[in-house]
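J.: Chains as they are written, first to last, in the numbering used here: chain A, 12 to 125; chain B, 451 to 676.
Below is a structure I'd like to ask you about.
Okay, here's the thing in structure tokens:
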């Protein structure tokens, strides 16, 4: 359960960023969350609410954009989304591949500030 | 009263940026010192410490080896590993369920890295959280023991996918627990195609030669590259 420390760094980062841009309150954080990030979405949502308490982010919303895993296939050169995270293979030609193009993201993309 | 609408500002910032930067700095430091760094991850009880004790004892004959070992409480593991007579330091993480680059950096304080050939970092027993944190290592080994069941890689695909080497441990017990080695190997390859796969028994020594030779050759490559 490392989601709490991740939520706390997000809140800290957002508060700093908002202050830097002259905003007093943060209404929402937009986050890209890859299926291979190692972060559990439900645990992150719960931790986020806890981490926001007593900060300029209290009551703010966490907007999560899920990023499915996309792999590049060296056999047929296609970029395809994995049908299952339990099977790393090309969706087009079914060759095994570990060339992950997307899906490891754990990235704050935007803030809604006031 | 003046009221303003919330405005959307683009940020694009990795949440673990601090850790990533620190890990990158560590990796550079390791490279400059010519030390090869391998980390070990697994669930609790998969045999990381037993394997590491054997590895340190074996590799000490021909190389300068040391280990950092992470645990939530106790320094029992460091005491066990000290029997190998290699330098060992415990990182007690408290309530933190994984190692972070900053913990590795502070644990290295006072160590002369250029006097080492090979450094092991044993992570906290956990198959989930360590996957998100780069520690600056050259190689990540994921261990699974035959008592855990063949489908472990399918249950924890992320950690297996981030590893460079998979080691099936306690193979001396495989028959007793009716462990299907072929199925386990197939499952590991499904979640991490092309991974180097080894099987060992720290108890009987089976497979240990292959693993130590593999690590020694990796370390030798690092030394020449540095």
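Here a beta-carbon is modelled for each residue, glycine too, at the ideal position from N, C-alpha and C.
#1: Give the interface partners of residue 608(B) over in chain A, defined as CB-CB distance under 7 Å, in chain order.
#2: Taking 8 Å as the cut-off, is the C-beta of residue 578(B) nearer than that to any heavy atom in the ligand NAD?
#3: Just verifying my parser: in three-state terms, what is the DSSP assignment at residue 639(B)?
#4: Please confirm if residue 460(B) has its CB atom under 9 Å from at least one CB of chain A.
#5: In terms of DSSP beta bridges, what is residue 100(A) paired with?
#6: Name the residues in the stretch 91-113 of chain A whose C-beta lies less than 7 Å from a C-beta of chain B; which are they?
#7: Taking C-beta pairs closer than 9 Å, name the residues in chain A that residue 494(B) reaches, listed in chain order.
#8: Excluding five sequence neighbours on each side, which residues of the same chain lie with their C-beta closer than 8 Å to the C-beta of residue 91(A)?
#9: Nearest to residue 105(A) by CA position, among 663(B), 643(B), 655(B), is which residue?
#10: Would residue 68(A) pass as an interface residue toward chain B - the criterion being a Cβ-Cβ separation below 9 Å?
#11: Once DSSP output is grouped into helix, strand and coil, what is the label at residue 594(B)?
#12: Name, please, each residue of chain A whose Cβ falls closer than 7 Å to the Cβ of residue 578(B).
#13: Using beta carbons (cut-off 9 Å, strictly below), is residue 17(A) in contact with chain B?
#14: Check whether the Cβ of residue 582(B) lies closer than 9 Å to any Cβ atom in chain C.
#15: Check whether the Cβ of residue 119(A) lies closer than 9 Å to any Cβ atom in chain B.
#16: Please work out which residues of its chain come closer than 6 Å, Cβ to Cβ, to residue 537(B), disregarding the five sequence neighbours upstream and downstream, and give them in chain order.
#17: Consult DSSP for residue 95(A) and reduce its assignment to one of helix, strand or coil.
#18: Along the stretch 17-34 of chain A, what residues have a CB closer than 7 Å to any CB found in chain B?
#19: For a contact defined as C-beta to C-beta under 7 Å, what are the partners of residue 124(A) on chain B?
T.: According to the structure data:
#1: 47, 49
#2: The ligand content of the structure shown is nil, which means the ligand NAD is not present either.
#3: helix
#4: yes
#5: 107(A)
#6: 96, 97, 98, 99, 107, 108, 109
#7: Near residue 494(B) there are no residues of chain A at all, since even the closest Cβ is about 14 Å away, more than 9 Å.
#8: 81, 82, 84, 101, 102, 103
#9: 643(B)
#10: no
#11: strand
#12: 49
#13: yes
#14: Reference to chain C is not applicable here, since the protein chains of this structure are A and B.
#15: yes
#16: 516
#17: strand
#18: 17, 20, 21, 24, 28, 32
#19: 456, 457, 459
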